[in-house]
Amino acid sequence: MFAYFEVIFFFLAFNIYDFVQTQDSSCCHHARDYSPCREACDQLATTKSESRLKHLLQRLPSYCPESMGELWVCINASLPGASKKSEGWVGLGCCELTIAVECRRECKLASSKNDISKVCRKDRETALYNCINRNEMGSVCCSYAGRHTNCREYCQAIFRTDSSPTPSQIKAVENYCKSISPELIRCVDNYTQSYPMRNPIDSLYCCDRAEDTSCQTACKTILRTMTVENEIVDGLIEGCKKQPLPQDPLWQCFLESSRSPYPVTTVDTPPSPKLLCCSKANTTVCRDLCSKLYSTNWGSTQSWQEFESLCEYKPVEVSMLTCLADVQEPCQLGCKDLSYCTNFNNRPTGLFRSCNAQSDQGAMDDMKLWEKGSIKMPFMNIPVLDIRKCHPEMWKAVACSLQIKPCHSKSRGSIICKSDCVNILKHCGDRSKFSEGTSPETICDFLSPTDDAEYCIPLESYLSPSSLGDIVEEVIHPCNPNPCPSNQLCEVNRKGCQTGQDCLTFICVQGCKMGEASEFLVQQEALIQVPKGEVGCYKVCTCGQSGRLENCVEMPCVDMQKSCIVGGQRKGHGISFQVDCNVCSCFAGKLICSSRQCLNEHSSDEDRRMFTGLPCNCADQFVPVCAHNGRTYPSACIARCVGLQDNQFEFGSCLSKDPCYPNNCPKGQRCLPKRKVCLTSVSDYICNQYKCVSKPTNCEKVEEDPVCDTDSVEHPNLCELYQRGKVLAYTGQCQDICKPEKPVCGHNGETYSSVCAAYSDRVAVDYLGHCHAVGVVSDSGTHTACAAITCPPLSASGCIPVIPPGACCPLCAGMLKVLWSKDQLNVFAKINYKQPVTVHNILRTLRLHISVPQCDIFGYLSIESEIVILIVPVDQQPTSLQIEACNKEAEKIDSLINYGSPTLVSHVPLSALTTSQVQVSGKTSSGCTNKMSLYFALFLSLLAALSVTC
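Per mature numbering (1 follows the signal peptide of the UniProt record, and there is no 0): the sequence shown = residues -22 to -1, 1 to 928.
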């Protein structure tokens, strides 16, 4: 983490030129090992212009980090009255490591390490101060990497954790950064050689290798409570009742390491998730280089340089490069608090890869280099005129765009539009120095080959400040930037806090790192798909308590060379396309399509007259049947249309049936309803709507997670509710507005006893009352069942709504319609103890990708064989900005699915999602005026109030 500081100098009671005379090499020699700072300091000492001096004084902290203490002491001593203020100090990400609450609070408000010294005791808050010191060191070392992204990434990996850097991490820095910056290598080497003792907790995974359970327990206790080497070894010998034999698996794991003061070994590191991107390369050369670099073995310096020159900037490889960028810097909503690229601030609904202080500084550094008359790139140099005079604001927008990296929802690339590129080079390119045959057009054909606003960044958007101003707080981004320690993930806090607790908008949860130099973490206990090295081959692992991937199981390889034949044409794996009015995709040679009824130019007048628009042209009668997959279908006709046999459904809705009658549980166990909609094959994996549990004896140790029974009485958890013999109505706190119960119809065609019951099932409400109509699925349909439905008013006037498939009523939301591979889900079910994959599994995992707390996710299995996902505003009175934010979240997820981004497909079962269509709520010119109906006040307030977990 880097920190850059704004220095405000008060010129009081002294002449500024007196300072110039005293500010000589006596201060600047403190920066002798850090050339950017030394250069800036030397300019400060030699300038004769008062205005230039003031400017340099203000910008000096951008080149000289606060961690260069001796330099700043010298400067401050030379300039009485100077003070410096942090814009985002290096300790901010360390604050969650504090022990005392008051220290944590002070840390988050601080501007420097000095600000916390009175409240945070060094003898008690060791982890905090170690983290701050580590970040300060990293700020200095990694800045030598300049704009070399991979070098900087591997350097930063050294400083991200409080454990000793691994040999492979150090080797990666040496391999790639040696030719870029010897200063960086020396700086990192000084840090690693002097690194303190490994954190014993880093070796918790070794305990699982002990054959004896009591030894495993003793081992974990020892590593969590002891820090001294001899005590750890003695404790393990005593706790495990055996001497440390080399052949013992536990002690093998603790073998002596060259960098560790107590026994440890390196566990096999999974390949980088970037390896998933290599199959997206368009050329064999780049595919091979990518695979070589991101497999388990680190690539050589030559390989990195070849990849950079042959692949890094090639438009033909945009799919692979975008995928790699997704892993390194995923697109996130929101940009603010930049001091140089200020036109990028106050954009809460914009998507950016790298809106942070480092990129802000990087843009300023680029401008400084370009002012020398040349834009240097690995494959070409572009001579330019004096950009300080020739359209400087446009050049600034270019520098900031390349560093902050706005990413459009479709391409997510970071190239400026061709017309902007040609325009600026025509005016400011030094054509007298262009090589023969080169022109602004030929350069831009290579750098920025498109003007399609869907796939490039129009500079006009960033030539002036945002018009939003102070209203940006209507949409917040708790996890951007990441406030959690490096080994934890940040998640939006959607459950609130217990009374008396500090309530934060985010929570930090333990995770597992995917690769040595990667910031990509996954949640504990999550199932993760890891590449094996060969294209299309994976294993599925669990993120364990030790913070490492474990219990890995190999999966059958996906044949990505196998194509589908459609209408005599070959469609490759991963390709999406239309067949009549249906969306289809090809997955490993198998065609996957929605089950939409279509009209075409060959349809007869009779066909058009009889067309209902429902699947298989079924009648619009609502006579529900409950399928064995747990889904209620509007009619037997539609159930058959989606591929169900008559013995796989029965008349009546699923919620109207008691899954515990008859009771199929063994004697001594209780049958509890556990309803689900399964996406795996019903014939292979039984989709039970109940679970058998032992009768609880003591609920005091069960985590508090409130639930409400059918009498509107709240219980601290399910254990208490069932122990008292009550029936669950919905999860979350009891809501007065759901008492008495009033039935509602969900988008899935299921009647719920109340709005609360629907939301606890992650289903949004279509209309009040019992379900009695199947809704619109085609614009050409003639059925009128929804005409008798009274729809609630929209949440905000001026919103152009969406209508979910099978529903009757419109709503303001972002909507996705997603296809998936049932074969792939069956594979996941098989390796996960034959547990079927459900709609809730998909929603729960996707919910982690919704970064704005003003939006939440709902969904259901549609009658067209798609998963419908709704991103809905949760505030009682959603503003136009909040509706737009939910739209952007939907577009972001749509893009991740369609491009097969590793940030999404690494998670099981999301890797089975094959294609997505997005539709968002637009707005009329009048905008959204926050006019709320009673119904939608209920709807939105409950989204925020219910503590729902899927």
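Ideal Cβ placement from N, Cα and C applies to all residues, glycine included.
Which of helix, strand or coil DSSP assigns to residue i
i        : result
Tyr(-19) : Summary for Tyr(-19): the model assigns pLDDT 26, below 50, so the residue's position carries little reliability; its value from the coordinates is reported in the next sentence. DSSP places Tyr(-19) in coil when its eight states are reduced to three.
Ile365   : coil
Leu826   : coil
Tyr289   : It should be pointed out that residue 289 corresponds to Cys in this sequence rather than to Tyr. Three-state result, Cys289: coil.
Asn529   : strand
Tyr708   : strand
Cys386   : The identity of residue 386 in the sequence shown is His, whereas the question assumes Cys. Of the three classes helix, strand and coil, the one that applies to His386 here is coil, per DSSP.
Lys654   : coil
Gly312   : coil
Lys540   : coil
Gln813   : coil
Gly489   : strand
Tyr838   : strand
Arg331   : coil
His693   : strand
Ile393   : coil
Arg99    : coil
Tyr668   : strand
Pro880   : helix
Val508   : strand
Buried/exposed call for residue i, threshold 16 Cβ in 10 Å
i      : result
Cys594 : exposed
Val294 : exposed
Val744 : What sits at residue 744 in the sequence shown is Asp, not Val. With 16 or more other Cβ atoms within 10 Å, it is buried.
Pro443 : exposed
Pro782 : buried
Gly59  : Low confidence applies here, because Gly59 scores a pLDDT of 36, under 50, leaving its location unreliable and the question unanswered by this model.
Ala605 : buried
Asn578 : exposed
Cys481 : exposed
Glu867 : buried
Phe629 : exposed
Met298 : buried
Ala766 : exposed
Gly878 : buried
Met46  : buried
His126 : buried
Cys313 : buried
Gln381 : buried
In DSSP terms, what residue i is bridged to
i           : result
Tyr107      : According to DSSP, which records beta bridges pairwise, Tyr107 is partnered with nothing at all.
Cys723      : Thr729 and Tyr745
Asp797      : Sequence inspection shows Leu at residue 797; the Asp mentioned does not correspond to that position. Note: Leu797 sits in a beta bridge opposite Thr893.
Ser554      : Ser563
Glu698      : Partner(s): none; Glu698 has no beta bridge.
Ser352      : Pro361
Val79       : None; Val79 has no bridge partner.
Arg265      : In the DSSP output, where bridge partners are listed per residue, Arg265 has none listed.
Glu371      : None, per the DSSP bridge assignment.
Glu628      : Cys604
residue 929 : A query on residue 929 cannot be resolved here, the shown segment of the chain reaching from -22 to 928 and no further.
Arg409      : Arg409 pairs with nothing; no bridge assigned.
Lys404      : Bridge partners of Lys404: none, in fact.
Gln280      : Partner(s): none; Gln280 has no beta bridge.
Lys517      : Val508 and Glu532
Rounded Cβ spacing between residue i and residue j (contact assumed at less than 8 angstroms)
i      : j      : result
Cys596 : Ser613 : 6 angstroms
Cys787 : Pro770 : 7 angstroms
Cys542 : Gly525 : Not really, about 41 angstroms apart at Cβ, beyond 8 angstroms.
Pro721 : Tyr730 : 7 angstroms
Phe836 : Pro887 : Actually they are not in contact, since the Cβ atoms of Phe836 and Pro887 sit about 18 angstroms apart, beyond 8 angstroms.
Tyr668 : Cys638 : 5 angstroms
Lys100 : Tyr107 : 6 angstroms
Arg132 : Leu162 : Per the sequence presented here, residue 132 reads as Tyr, with Arg not at that position. In fact, because the Cβ distance is near 10 angstroms, the residues do not count as touching under 8 angstroms.
Below-8 angstroms beta-carbon distance, residue i vs any chain B residue
i      : result
Lys354 : Of the protein chains in the structure, only one exists, and it is not chain B.
Residue i beta carbon near the ligand GTP (any heavy atom closer than 7 angstroms)
i      : result
Asp689 : Absence of the ligand GTP is noted for the structure shown, with no ligands found whatsoever.
Unbroken stretches of the beta strand (DSSP E), 3 residues or longer, contained in the stretch 734 to 788
Listed in chain order, they are 743 to 746.
Restricting to runs no shorter than 4 residues, where is the alpha helix (DSSP H) found entirely within the stretch 568 to 626?
The qualifying runs are 583 to 588 and 614 to 619.
Unbroken alpha helix (DSSP H) runs of length 4 or more, entirely within the stretch 417 to 468: which are they?
Runs of the alpha helix (DSSP H) inside the stretch 417 to 468: 418 to 425.
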